[in-house]
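Undergrad:
Protein chains: 2
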Amino acid sequence: MGRPRAFDEDRAVETAAELFALRGYEGTSVDDLVTGLGVHRGSLYKVFGSKRGLYLAALRRHLDQEVLPLAAALGTAGGLAELLVQAAAGFDGGPAGGLLLSAAVERAGSDPEVGALVAEGLAALDTAVARAAGPAGGESAGPAGAEMLAATVLGLRLRARAGVGGPSAASLLAFAGRFGGTGAAGGAEPTG
Amino acid sequence: MGRPRAFDEDRAVETAAELFALRGYEGTSVDDLVTGLGVHRGSLYKVFGSKRGLYLAALRRHLDQEVLPLAAALGTAGGLAELLVQAAAGFDGGPAGGLLLSAAVERAGSDPEVGALVAEGLAALDTAVARAAGPAGGESAGPAGAEMLAATVLGLRLRARAGVGGPSAASLLAFAGRFGGTGAAGGAEPTG
DNA sequence: AGGGTTCGAGAACGTTCGTTCTTGACCGGG
DNA sequence: CCCGGTCAAGAACGAACGTTCTCGAACCCT
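From first to last, the protein sequence lines stand for chains A and B.
One gets the numbering used here by counting positions in the first sequence from 1 and adding 8 to each.
One gets the numbering used here by counting positions in the second sequence from 1 and adding 8 to each.
#1: Listed in chain order, which residues of the stretch 154-176 of chain A have Cβ atoms closer than 9 Å to some Cβ of chain B?
#2: Give me, in chain order, the residues of the same chain whose beta-carbon lies closer than 7 Å to that of P12/A; leave out the 5 immediate sequence neighbours on both sides.
#3: Just mark T160/A as buried or exposed, buried being the case when its beta carbon has 16 or more other beta carbons within 10 Å.
#4: If you run the structure through DSSP and keep just helix, strand and coil, what is R13/A?
#5: Comparing the C-beta of A116/B with each C-beta of chain A, is any distance below 7 Å?
#6: Interface residues of chain A around L78/B at Cβ under 9 Å?
#7: Just to confirm my understanding: we take G123/B, look at its own chain, exclude 5 residues before and 5 after, and list those with CB closer than 6 Å. What are they?
#8: Suppose the cutoff is 6 Å on Cβ atoms and the five residues either side in sequence are ignored; what does the same chain contact list for M156/A look like?
#9: On the DSSP letters alone, give me the boundaries of the alpha helix (DSSP H) that Q94/A sits inside.
#10: Mind pulling the chain A residues with CB within less than 7 Å of G35/B?
#11: Any Cβ of chain B within less than 7 Å of the Cβ of A112/A?
#12: How many angstroms separate the CA atom of F15/A from the CA atom of R60/A?
#13: For the alpha helix (DSSP H) containing T43/A, list its first residue and its last residue.
#14: For L82/A and L107/A, what's the separation of their Cα atoms in angstroms?
#15: Using a 10 Å radius around the Cβ and a threshold of 16 neighbouring Cβ atoms, would you call V3/B buried or exposed?
#16: To the nearest whole angstrom, what separates the beta carbons of S179/B and G153/A, a pair I think is in contact under 8 Å?
#17: What are the start and end residues of each continuous alpha helix (DSSP H) run of 4 or more residues lying completely inside the stretch 113-176 of chain B, in chain order?
#18: Given that V126/A touches chain B, what residues does it touch there, using C-beta distances under 9 Å?
#19: Run through chain A and tell me which residues come within less than 9 Å of G123/B, C-beta to C-beta.
#20: Run through DSSP, which three-state label would E26/A get?
#21: Flag F28/B as yes if its beta-carbon sits less than 7 Å from any beta-carbon of chain A, otherwise no.
#22: Drop a sphere of 10 angstroms on the beta-carbon of S176/A, count the other beta-carbons inside from all chains shown, and report buried for 16 or more, exposed for fewer.
#23: Enumerate in chain order the residues of its own chain whose CB-to-CB distance from D18/A is below 8 Å, with the five nearest sequence positions on each side excluded.
#24: Using a Cβ-Cβ cut-off of 6 Å (strictly less than) and excluding sequence neighbours within five positions of G32/A, which residues of its own chain qualify?
#25: Which bits of chain A does L130/B rub up against, with CB to CB less than 8 Å?
#26: Could you give the DSSP three-state label for E34/A: helix, strand or coil?
#27: Buried or exposed: G50/A, going by 16 or more other Cβ atoms within 10 Å of its Cβ?
#28: Could you compute how far the alpha carbon of L71/A sits from the alpha carbon of G129/A?
#29: Out of curiosity, what's the CA-to-CA distance linking Q73/B and F56/A?
#30: Can you check whether the C-beta of S179/A is within less than 7 Å of a C-beta belonging to chain B?
#31: From which residue to which residue does the alpha helix (DSSP H) around V55/B run?
#32: I'd like to know if E90/A contacts chain B, where contact means its C-beta is closer than 7 Å to some C-beta of that chain.
#33: Assign R69/B to one of three DSSP states: helix, strand, or coil.
#34: Step through the CB atoms of chain A and report whether any lies within less than 7 Å of the CB of F15/B.
#35: Quick one: is F183/A near chain B, going by C-beta distance under 7 Å?
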């Protein structure tokens, strides 16, 4: 009953996630969202309740549609070296954890609900890294060795986001070699 | 000539750095700054020109008074293991790169001047890590191996800032051991 | 066909934003 | 002594903020 919705809700949340990832929560105004999403103000408040509600939906979607699938894919195929290379390159050039990174720094400390979502995303990253690194990184490096490598991945993403150049491919491979990762284990000859 | 200033400018910038680090640039209002600094609005604009001017001064001070000295200290004394342990623990419990982290994620991409300062801070961190890691991390791990370890330090600080638990001490020592770091090279027995 | 309900369009709300202005207190040099 | 200049105090500015309201159009169900 009633008039059917004229916009794709999931697509709106996806666009909101990109805007929030790009400019942060405080840096993105409701006007920006209304313009960028092409969704009317009233509809936005009817569906999501508030700007924060839309932000939480965007972060939730970011985890479900990008972080978790990416983590799962990296956990099964490819080794540690590939994971580090893709992390430094921005995975596939997309947002690639940009919203997770932004939320972790800007909102996780002051908004408990955001903090819980960020913790969930980071835990998924830990699991993926543990699987990619295999026994070398996940076990012999200590009971929580994967968290160290996950921190490295986060740091690489942060550097890329800040616009500073990342390490060379040779460094990435040499680094992975220290953990006996698949693909580039052993020798660490700078080839470039 | 004229009435002398009644507030400590350097102390005001220091407090501003703490506020900006805690709530970010967009999340800190001029009213917050006026209240927190105890400096009048007019004086603030007379001295720093704008909110952004104060932010740049705070970031500049953060680099000069906290990041660079910390990097220098870590570069000369202590090994990689100690650096990682201190990074995970928040160095000395202070802001410890919080403003650098916040600026890197929130402002470096959209404000070139902030981006330059952030790049300077990250470069200083690279240098410090290279010295702490010694030949093992700085050379044999590749020409830019230190950047990988610096990324790990950044990731650890980000995790701490987001409020998620960091790796155990055993993991940190085992990780450092992979690079032949001073203090905990070799064995990686979980002692806790 | 018509009632009930939800939608999209946009004006409007009060608040807060960053910034500027006005006013009077204070200080050093002639 | 008093004058030029800098200071602190706070009101005030227009713009932008997040949110709410009013209104007519569009649609499903009976």
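Ideal Cβ placement from N, Cα and C applies to all residues, glycine included.
TA: If we stick to the structure as given:
#1: Of all residues in the stretch 154-176 of chain A, the ones placed with a Cβ closer than 9 Å to any Cβ belonging to chain B are A154, E155, M156, L157, A158, A159, T160, V161, L162, G163, L164, R165, L166, R167, R169, A170, G171, V172, G173, G174, P175, S176, in chain order.
#2: The residue you call residue 12/A lines up with position 4 of the first sequence. Closer than 7 Å at Cβ, skipping near neighbours: no residue.
#3: Here residue 160/A refers to the residue found at position 152 when the first sequence is read from its first residue. Per the 10 Å Cβ criterion, buried.
#4: Walking along the first sequence from the start, residue 13/A turns up at place 5. In the three-state scheme derived from DSSP, where H, G and I count as helix and E and B as strand, R13/A is classed as coil.
#5: The residue given as residue 116/B occupies position 108 in the second sequence. Chain A contact via Cβ: present.
#6: Position 70 of the second sequence, counted from the start, is the residue given in the question as residue 78/B. The contact set of L78/B on chain A, defined by CB atoms closer than 9 Å, is empty, because the minimum CB distance reaches about 17 Å.
#7: For this step, residue 123/B is matched to residue 115 along the second sequence. Closer than 6 Å at the Cβ level, and outside the excluded window around G123/B, lie A116.
#8: Position 148 of the first sequence holds residue 156/A. Short of 6 Å from the beta carbon of M156/A, and not among the five residues preceding or following it, lies no beta carbon of its own chain.
#9: The residue labelled residue 94/A in the question sits at position 86 within the first sequence. Segment 88-97, the alpha helix (DSSP H) holding Q94/A.
#10: Taking the first residue of the second sequence as position 1, residue 35/B is located at position 27. Residues of chain A whose Cβ lies closer than 7 Å to the Cβ of G35/B are, in chain order, E34.
#11: Counting from 1 along the first sequence, the entry for residue 112/A is found at position 104. Chain B, which has a Cβ nearer than 7 Å to the Cβ of A112/A, makes this yes.
#12: Position 7 of the first sequence holds residue 15/A. Position 52 of the first sequence holds residue 60/A. One C-alpha to the other measures close to 20 Å.
#13: The residue given as residue 43/A occupies position 35 in the first sequence. Here the alpha helix (DSSP H) through T43/A covers 38-45.
#14: If you number the first sequence from 1, residue 82/A lands on position 74. If you number the first sequence from 1, residue 107/A lands on position 99. Spanning the alpha carbons of L82/A and L107/A requires a straight line of approximately 19 Å.
#15: Past the edges of chain B, shown from 9 to 200, lies residue 3/B, and the structure says nothing about it.
#16: Translated into the one-based positions of the second sequence, residue 179/B becomes position 171. Translated into the one-based positions of the first sequence, residue 153/A becomes position 145. Right, the Cβ-Cβ distance comes to about 5 Å (below 8 Å), so this counts as a contact.
#17: Runs of the alpha helix (DSSP H) inside the stretch 113-176 of chain B: 120-143, 153-170.
#18: Locating residue 126/A in the first sequence gives position 118, where the first residue counts as 1. Under the 9 Å cutoff, chain B gives A170, G171, V172.
#19: Numbered from 1 along the second sequence, position 115 holds the residue referred to as residue 123/B. The answer, in chain order, is A170, G171, V172.
#20: Along the first sequence, one-based indexing puts residue 26/A at 18. If DSSP states are grouped into helix, strand and coil, E26/A belongs with the helices.
#21: Counted from its first residue, the second sequence places residue 28/B at position 20. Interface flag for F28/B against chain A is unset, since no Cβ pair is found closer than 7 Å.
#22: Numbered from 1 along the first sequence, position 168 holds the residue referred to as residue 176/A. With 16 or more Cβ atoms within 10 Å of its Cβ, S176/A is classed as buried.
#23: For the purposes of this step, residue 18/A is identified with residue 10 of the first sequence, where counting begins at 1. Excluding positions up to five away in sequence, the list reads R69.
#24: Numbered from its first residue, the first sequence carries residue 32/A at position 24. Taken in chain order, the residues that qualify are S110, E114.
#25: Numbered from its first residue, the second sequence carries residue 130/B at position 122. Going along chain A in sequence order, the residues near L130/B (Cβ under 8 Å) are R167, A170, V172.
#26: Counting from 1 along the first sequence, the entry for residue 34/A is found at position 26. Note: E34/A maps to coil in three-state DSSP.
#27: By one-based count along the first sequence, residue 50/A stands at place 42. By the neighbour-count rule (16 or more Cβ atoms within 10 Å), G50/A is not buried but exposed.
#28: Numbered from 1 along the first sequence, position 63 holds the residue referred to as residue 71/A. Numbered from 1 along the first sequence, position 121 holds the residue referred to as residue 129/A. Approximately 6 Å, taken between the alpha carbons.
#29: Counted from its first residue, the second sequence places residue 73/B at position 65. Counted from its first residue, the first sequence places residue 56/A at position 48. One Cα belongs to Q73/B, the other to F56/A, and the distance between them is close to 44 Å.
#30: For this step, residue 179/A is matched to residue 171 along the first sequence. For S179/A, at least one C-beta of chain B is nearer than 7 Å to its own C-beta.
#31: As a first step, residue 55/B is located in the second sequence; it is residue number 47 there, counting from the start. Looking at the DSSP string, the run of the alpha helix (DSSP H) that includes V55/B is 49-56.
#32: Position 82 of the first sequence, counted from the first residue, corresponds to residue 90/A. Taking Cβ atoms only, chain B never reaches closer than 7 Å to E90/A, which makes this a no.
#33: Within the second sequence, numbered from 1, the residue matching residue 69/B stands at position 61. Of the three classes helix, strand and coil, the one that applies to R69/B here is helix, per DSSP.
#34: If you number the second sequence from 1, residue 15/B lands on position 7. Look at F15/B: its C-beta is not under 7 Å from any C-beta on chain A.
#35: The residue given as residue 183/A occupies position 175 in the first sequence. True, the Cβ-Cβ gap to chain B drops below 7 Å.
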